[in-house]
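Chains as they are written, first to last, in our numbering: chain A, 1 to 228; chain B, 229 to 456; chain C, 457 to 684; chain D, 685 to 912; chain E, 913 to 1140; chain F, 1141 to 1368.
To keep things clear, I will list the structure first and then write my remarks on it.
There are 6 protein chains.
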Amino acid sequence: MRIEDLNWMDVEGYLKHDDRLILVIGACEQHGHLSLLSDVKIPLALADAASQQTDVLVAPTVNFGCSPYFLAYPGTLSLRLSTLMDVTEDIIRSAFGQGFKRILVLNGHGGNNGLKMRLGELANQLSGLKIQWYAWWLSHSVEAVALRHDLKPSHANWLEAFPFTIVADLPEGEKLQPTVPSDILDAETTRQVYGDGVFGGLYQAPPEIMQEMFDACLADILQMLKFE
Amino acid sequence: MRIEDLNWMDVEGYLKHDDRLILVIGACEQHGHLSLLSDVKIPLALADAASQQTDVLVAPTVNFGCSPYFLAYPGTLSLRLSTLMDVTEDIIRSAFGQGFKRILVLNGHGGNNGLKMRLGELANQLSGLKIQWYAWWLSHSVEAVALRHDLKPSHANWLEAFPFTIVADLPEGEKLQPTVPSDILDAETTRQVYGDGVFGGLYQAPPEIMQEMFDACLADILQMLKFE
Amino acid sequence: MRIEDLNWMDVEGYLKHDDRLILVIGACEQHGHLSLLSDVKIPLALADAASQQTDVLVAPTVNFGCSPYFLAYPGTLSLRLSTLMDVTEDIIRSAFGQGFKRILVLNGHGGNNGLKMRLGELANQLSGLKIQWYAWWLSHSVEAVALRHDLKPSHANWLEAFPFTIVADLPEGEKLQPTVPSDILDAETTRQVYGDGVFGGLYQAPPEIMQEMFDACLADILQMLKFE
Amino acid sequence: MRIEDLNWMDVEGYLKHDDRLILVIGACEQHGHLSLLSDVKIPLALADAASQQTDVLVAPTVNFGCSPYFLAYPGTLSLRLSTLMDVTEDIIRSAFGQGFKRILVLNGHGGNNGLKMRLGELANQLSGLKIQWYAWWLSHSVEAVALRHDLKPSHANWLEAFPFTIVADLPEGEKLQPTVPSDILDAETTRQVYGDGVFGGLYQAPPEIMQEMFDACLADILQMLKFE
Amino acid sequence: MRIEDLNWMDVEGYLKHDDRLILVIGACEQHGHLSLLSDVKIPLALADAASQQTDVLVAPTVNFGCSPYFLAYPGTLSLRLSTLMDVTEDIIRSAFGQGFKRILVLNGHGGNNGLKMRLGELANQLSGLKIQWYAWWLSHSVEAVALRHDLKPSHANWLEAFPFTIVADLPEGEKLQPTVPSDILDAETTRQVYGDGVFGGLYQAPPEIMQEMFDACLADILQMLKFE
Amino acid sequence: MRIEDLNWMDVEGYLKHDDRLILVIGACEQHGHLSLLSDVKIPLALADAASQQTDVLVAPTVNFGCSPYFLAYPGTLSLRLSTLMDVTEDIIRSAFGQGFKRILVLNGHGGNNGLKMRLGELANQLSGLKIQWYAWWLSHSVEAVALRHDLKPSHANWLEAFPFTIVADLPEGEKLQPTVPSDILDAETTRQVYGDGVFGGLYQAPPEIMQEMFDACLADILQMLKFE
């Protein structure tokens, strides 16, 4: 159940018996051969699946995140971290003021991590607000699936190659992990280093592994939605 | 052709022969009986249609706009204008740096109007950038269609009741235009004044009128995409 | 009665029986052959006239507004919209804290329109504050006068040519409306398009029409000052 | 010659032979029995006098400054320092972009002093810009006049009691300097400490002393306008 | 060699043959029984040691970081992330403008991690700047030492109990890892959860292990200072 | 007693019987032949001495201030004033929330003066907070010592040449006061004007005068710490 499919009377009705909200925050950035919006599509798919089982509302997605290092890859549209923090604060304050007290942020992008600090600042200001943060690819669940199948999860490799993020034929086989300088890279250097944008490893994994991983993340989310 | 359906190589290819981008900026706010995301859905539908005819790229949508006056309607998620200006500046700077020189902003929401001032500031800073701004419901085209059919366009009435924004049965008939105080309303007062959120007029119009209006707006956009 | 002609004891006395304040926000920008401060002078003249009849206090003027597009015309001194919003918020918070509860903003400049969004944000925060916004040249009153005399109101044409804004001999006759590109113009292009800065139409109107228009706007303001 | 009495063509003509500008930055704050706008009126009178002798242009005044400590005195309208810095930066950038290279800031208010830091930041960014800063009441000239007549200059006492700042009968005689706590005072405490708002000393001085002081300051300004 | 022990001529001399700078960014926050400034003291000790071997300059420390979740522990003095990003940007721009081209940021505090995003934004703006980021406790070196001795590194436990961070007798033995809710905690809840502020594990480790860990981190830093 | 030598339990204990805090705010900027951190070292030495006699807590130092005009002297690391205001606000809010109600700011640097305005803004917001501000070199005490010994205090001359700020041999004798343009100088010009960075006068004074001055300032601080 997405907010976009409801009108305000529906949301008012919802708030009479529930106070939870799922907020997907992603990025519009290069994902190698995959969709530029992969970091939105994956957590949104998880949100939709979780919502189907729990009826928890899903807010419209924040489609842009912090990707200054990928700006030399066309199609990457990046926010300053300060901007993203303001966006998220405004959304959460809006929702909180209407009675949403438990918010699960499904973050789809590593560069958004600094956002958690603003959420912590908000937690000190909005008494009674509970915020959960889930970054699916960092979960123990994903780690376990990857280990089980001897796969190495990495940006834009098999890890993110879901049916709904694939927008072109994927290369066969494996990409060698590039040698990455240890300094904080500017966009031009990042592109020189990463070439096609994949951080290395297999380009794709069998569908059943992708499903297994998806299901494991979904289980995490269902658990988190209990806000225990 | 939406960026979300492409990878960065596709966008790089695109930029070799075109430098245009459509950016939809909407709002997540009460629309009476219609979808809370109507202000995104309508310009996005127009963008998709225009893209189909021109192959111009469509960026991911900015799903939130400025709606402080509607915050007492649950589901309204509003940005401060300063936040929205930063979001838009960051996106445009990202795109401009990659070679997008002509950007058509399809604005879906009246409260976002102040944004044009930031765009003007950017126009002074980014030499060679061309920005068009289109607010479909303020167009002569919509005015003409409304006049032709003796309809009065207003927030959340028939004007915005497209098949893809209708999420519930719409009331029959017409709403009397409420008496609106002339001062700048806070959210609570706004809700008292507007009740169901519609600003008055017919709740719906025949599908062929909606199509006529859509087509007229589309024609405007196709014209603007020439950037003449 | 302007604040500049009073000391604080006077204002304290005033607040014992009234809580209204008129705040003029203008611009310092090219007005063709007219004064660069026309957008302050006109609403201030209205404010003074209204104050004479009602004894409502007039705050010092905000002499700068948002005019990035006119910066290639010497003498235009423009604020970023974010700056203007902060200025206005600070003034209103100051006044509200002292007991001014009803504030009429007389805006003199179209580029300041985005400011209304910040006022809406403030209305949500300052309980008991009432803000009116009046942009004289957009009023039905001005429209009616213009229609009655078959005149077309436009930036820097007869519409703003009051005795107190005229600083040089005005051209005779009429300026053809220039062909204006539809995109958001940078300052250089704006100057190329508009030449002498007038947006077209007659350079001046007979004094009695100007007075008629002034009186009509004044009547509007007197009505608004009732804060009904 | 004030910008408000000119149109843009006049300013363009001016810039062909001169690149100086006087910018008055004041405050709207309690001045005891004197005008709430004394901090604008005094430097503006000086600016007008200097302009009469030199033909240097005078920009519209910034009518608001930083006076958080006086907010408990009705009529005080105060900006945050961050706001005032932004206002001044925007004005100076506008003017600099049009060819004003030498700007004399006539500051009328002690609380605005922090502004100089932003001016220093700007001096590093805008190559070729020269900014002078003059705070008349801190000048050696004023000190000398005060010493000569055995007067002690202080906020809102005789020092600022010019014919054009007097808006009410002034008390006879002298106010004892109040005992002032050494800490940074909030607005309520400030008012308790200062009572009528005067910082002590004689309420007025003979007109010829006021003139002597004015002339001395004017001479300073004329010297500074040489930008040597 | 710390900047505080030099004058500007010394630094000018240094810049003739080197362009590296070490910048320590820490936090002032609860560290259980350890010094509130542990997050500064540890990276500073490493910086000093590295400087002794390489003569690379050490800038004054940024003594405050982002710790909103620890604000209920007295002595924690926390910056908003936006503030910390501005501080760091200002320092780096200052240094870069003088010829420092390679900057190693020794971060001492996990809550500062979002700062990397601003550094990435700067890397795109300041051509020729190289920034390294080192968070000692997340290094493979520390992980290896901990594994070798079967110790679990955690906030304020043995991991940070260096001779120079110990300011009180440390408890004997081990603290059970508290059960931590998965949501983003406000400060009050954080204190309830963590009690004495230690995240669990042994309170101290033998000095030789601490030295081993210190040496391993120092080796990392010496390697990074090569900026290869 | 510095916070860095305590853990949070110590601070909690302290707050049971005292609510005072000393906050040193300095600068990292050229001081001629003296330490680049002189503006921190001097107030910190005073803070330590005062703390020894009163047991009042000393917060970690803010090591950076506003010195845009000195940026052409290597080693000067300057914050924008807006940044410094945010840093100080964040620290004071943190401390105030934990029970520190009386804060003495020991400012070490003239360029930080604008900060007082933010402190005044905070005083209006944080009810019950008392803030003292002490700029040692502007004190009557220093003036008296200087007069007594016929010395002229100035930036980086004898005034700041304490044993703990001397990092190199100081020149003998006296520097002529350079001729300083009256405008707000950019960094390059400042360096041309001031050469070695000293503002003129004797390079050093006898140790007993330095001690006399130190003691006089210390006495001031001890008096201020009574918060009478």
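The beta carbon of each residue, even a glycine, is placed where N, CA and C say it ideally should be.
Remember, predicted model here, so these are calculated numbers, not experimental data.
- Rounded straight-line distance, which links the Cα of MET1029 of chain E to that of TRP1045 of chain E: On the fifth sequence, position 133 is the one that residue 1045 of chain E refers to. On the fifth sequence, position 117 is the one that residue 1029 of chain E refers to. Cα-Cα distance, rounded: 11 Å.
- In chain order, which continuous runs of the alpha helix (DSSP H) of length 4 or greater are located wholly inside the segment 1177-1218 of chain F? 1178-1194
- Can you grab the Cα-Cα spacing for the pair ALA1345 of chain F / LEU1299 of chain F, in whole Å? Sequence index remark: in the sixth sequence, residue 1345 of chain F carries index 205 (1-based). Sequence index remark: in the sixth sequence, residue 1299 of chain F carries index 159 (1-based). Roughly 8 Å between the two C-alpha positions.
- Query: What's the call for PRO619 of chain C, buried or exposed, on a 16-neighbour Cβ count within 10 Å?
  - Reply: Within the third sequence, the letter at position 163 stands for residue 619 of chain C. It is exposed - the Cβ of PRO619 of chain C has fewer than 16 other Cβ atoms within 10 Å.
- Could you name the residues of the same chain whose beta carbon sits closer than 8 Å to that of VAL142 of chain A, not counting the 5 residues immediately before and after it, in chain order? Translated into the one-based positions of the first sequence, residue 142 of chain A becomes position 142. Taken in chain order, the residues that qualify are TRP136, PRO153, LEU159, MET213, ALA216 and CYS217.
- Message: Just verifying my parser: in three-state terms, what is the DSSP assignment at ASN1025 of chain E?
- Response: On the fifth sequence, position 113 is the one that residue 1025 of chain E refers to. Note: ASN1025 of chain E maps to coil in three-state DSSP.
- Message: Can you pull out the residues from the segment 745-761 of chain D whose beta carbon lies closer than 7 Å to at least one beta carbon of chain F?
- Response: CYS750, PRO752, TYR753 and LEU755
- Query: With distances taken from CA atoms, which of C:ASP625, C:ALA617, C:LEU585 and C:ALA675 is nearest ILE665 of chain C?
  - Reply: If you number the third sequence from 1, residue 665 of chain C lands on position 209. Checking every option, the nearest Cα to that of ILE665 of chain C belongs to C:ALA617.
- Message: Is the separation between the beta-carbon of ILE459 of chain C and that of GLY794 of chain D shorter than 7 Å?
- Response: Taking the first residue of the third sequence as position 1, residue 459 of chain C is located at position 3. Taking the first residue of the fourth sequence as position 1, residue 794 of chain D is located at position 110. No, the pair does not count as a contact, with Cβ atoms beyond the cut-off.
- Taking VAL1196 of chain F and GLY1248 of chain F to be in contact with their CB atoms under 8 Å, please state how far apart those CB atoms are, rounded to whole angstroms. Looking up residue 1196 of chain F in the sixth sequence gives position 56. Looking up residue 1248 of chain F in the sixth sequence gives position 108. No, VAL1196 of chain F and GLY1248 of chain F are not in contact; Cβ-Cβ is about 18 Å, not under 8 Å.
- Query: At what residues does the beta strand (DSSP E) containing ALA363 of chain B begin and finish?
  - Reply: Translated into the one-based positions of the second sequence, residue 363 of chain B becomes position 135. Taken as a continuous stretch (DSSP letters only), the beta strand (DSSP E) holding ALA363 of chain B covers 358-363.
- Name the residue from F:ILE1324, F:THR1319 and F:GLY1341 whose alpha carbon lies nearest to the alpha carbon of VAL1333 of chain F. Here the question's residue 1333 of chain F lines up with position 193 in the sixth sequence. Checked all of F:ILE1324, F:THR1319 and F:GLY1341; the closest Cα to VAL1333 of chain F is F:THR1319.
- What is the DSSP secondary structure of HIS1061 of chain E, counted as helix, strand or coil? Translated into positions along the fifth sequence, residue 1061 of chain E becomes position 149. Here HIS1061 of chain E sits in coil by DSSP.
- Query: What does a CB cutoff of less than 8 Å around ALA372 of chain B pick up in its chain, not counting 5 residues either side in sequence?
  - Reply: Numbered from its first residue, the second sequence carries residue 372 of chain B at position 144. Taken in chain order, the residues that qualify are ALA444.
- What are the residues of the segment 630-663 of chain C that lie near chain B, defined by any Cβ-Cβ distance shorter than 7 Å? SER638, ASP639, ILE640, LEU641, ASP642 and ALA643
- Item | DSSP beta-bridge partners of LEU202 of chain A | To locate residue 202 of chain A, count along the first sequence from 1; it is residue 202. Note: LEU202 of chain A sits in a beta bridge opposite A:GLU174.
- Query: Would you say ALA156 of chain A and GLY197 of chain A are within 7 Å of each other, going by their C-beta atoms?
  - Reply: Taking the first sequence and counting its residues from 1, one reaches residue 156 of chain A at position 156. Taking the first sequence and counting its residues from 1, one reaches residue 197 of chain A at position 197. Contact flag set, yes.
- Check distances from the C-beta atoms of the segment 945-971 of chain E to those of chain F and list, in chain order, the residues that come in under 8 Å. HIS945, LEU946, SER947, LEU948, LEU949, VAL952, LYS953 and ALA971
- Query: Which residues, in order along the segment 584-609 of chain C, keep a beta-carbon less than 9 Å from a beta-carbon of chain B?
  - Reply: LEU585, LYS586, ILE587, GLN588, TRP589 and TYR590
- Message: By alpha-carbon positions, which one of F:LYS1156, F:ASP1158, F:HIS1157 and F:ALA1187 ends up nearest to ILE1361 of chain F?
- Response: Position 221 of the sixth sequence, counting from 1, holds the residue named residue 1361 of chain F. The residue with the shortest Cα to Cα distance from ILE1361 of chain F is F:ALA1187.
- For the candidate residues B:CYS256, B:LEU347, B:LEU309 and B:ASP238, whose alpha-carbon lies nearest to that of ASN340 of chain B? Translated into positions along the second sequence, residue 340 of chain B becomes position 112. Minimum Cα distance to ASN340 of chain B is reached at B:LEU309.
- Query: Helix, strand or coil: how does DSSP classify VAL708 of chain D here?
  - Reply: Here residue 708 of chain D corresponds to residue number 24 of the fourth sequence, with the count starting at 1. It is a strand residue.
- Query: With 16 as the cutoff for other CB atoms within 10 Å, does SER1322 of chain F come out buried or exposed?
  - Reply: Mapped onto the sixth sequence, residue 1322 of chain F falls at position 182. Exposed, because fewer than 16 other Cβ atoms sit within 10 Å of the Cβ of SER1322 of chain F.
- Item | Interfacial residues, the segment 78-110 of chain A to chain E, with Cβ spacing under 8 Å | ARG80, LEU81, SER82 and MET85
- Rounded to whole angstroms, what's the CA-CA distance from MET1149 of chain F to THR88 of chain A? Just pull it up for me. On the sixth sequence, residue 1149 of chain F is found 9 positions in, with the first residue counted as 1. On the first sequence, residue 88 of chain A is found 88 positions in, with the first residue counted as 1. Each residue's Cα considered, the two are about 35 Å apart.
- Would a check of beta-carbon distances place LEU1163 of chain F closer than 7 Å to chain D? If you number the sixth sequence from 1, residue 1163 of chain F lands on position 23. Answer no: the Cβ-Cβ gap between LEU1163 of chain F and chain D never drops below 7 Å.
- Task: Find the residues of chain F that neighbour LEU803 of chain D, judging by a C-beta separation of less than 7 Å, and give them in chain order.
- Result: Taking the fourth sequence and counting its residues from 1, the one referred to as residue 803 of chain D is at position 119. Correct list: ILE1324.
- Query: Cβ of PHE982 of chain E within 7 Å of Cβ of GLN942 of chain E?
  - Reply: Position 70 of the fifth sequence holds residue 982 of chain E. Position 30 of the fifth sequence holds residue 942 of chain E. Closer than 7 Å, so yes.
- If we ignore side chains and look at the alpha-carbon of each, how far apart do HIS473 of chain C and GLY260 of chain B end up? Start at 1 with the first residue of the third sequence, and residue 473 of chain C comes out as number 17. Start at 1 with the first residue of the second sequence, and residue 260 of chain B comes out as number 32. Distance between the alpha carbons of HIS473 of chain C and GLY260 of chain B: 41 Å.
- Hey, is ALA216 of chain A's beta-carbon within less than 7 Å of any beta-carbon in chain B? As a position in the first sequence, residue 216 of chain A is number 216, starting the count at 1. Output row for ALA216 of chain A: interface = no.
- Item | Sequence-distant residues of its chain with Cβ nearer than 6 Å to VAL480 of chain C (five each side left out) | The residue given as residue 480 of chain C occupies position 24 in the third sequence. Result list for VAL480 of chain C: PRO499, LEU500, ALA503, THR517 and LEU562, in chain order.
- Message: Let me make sure I understand the geometry here. Which of A:LEU202, A:HIS140 and A:LYS226 has the alpha-carbon closest to that of GLY173 of chain A?
- Response: In the first sequence, residue 173 of chain A corresponds to position 173, counting from 1. Ranking the options by Cα distance to GLY173 of chain A, first place goes to A:LEU202.
- Task: Run the CB neighbour count on SER266 of chain B, radius 10 Å, all protein chains shown included, and call it buried at 16 or more, exposed below.
- Result: Taking the second sequence and counting its residues from 1, the one referred to as residue 266 of chain B is at position 38. By the 10 Å Cβ count, SER266 of chain B comes out buried.
- Item | CB contact flag (ASN7 of chain A, ALA287 of chain B, <7 Å) | Your numbering for residue 7 of chain A matches position 7 in the first sequence. Your numbering for residue 287 of chain B matches position 59 in the second sequence. No.
- Query: Where does VAL649 of chain C sit, in a helix, a strand or coil, going by DSSP?
  - Reply: The sequence position of residue 649 of chain C within the third sequence is 193, counting from 1. VAL649 of chain C falls in the helix class under three-state DSSP.
- Under the three-state DSSP convention, the category ILE103 of chain A falls into: Here residue 103 of chain A refers to the residue found at position 103 when the first sequence is read from its first residue. Residue state, collapsed to three classes: strand.
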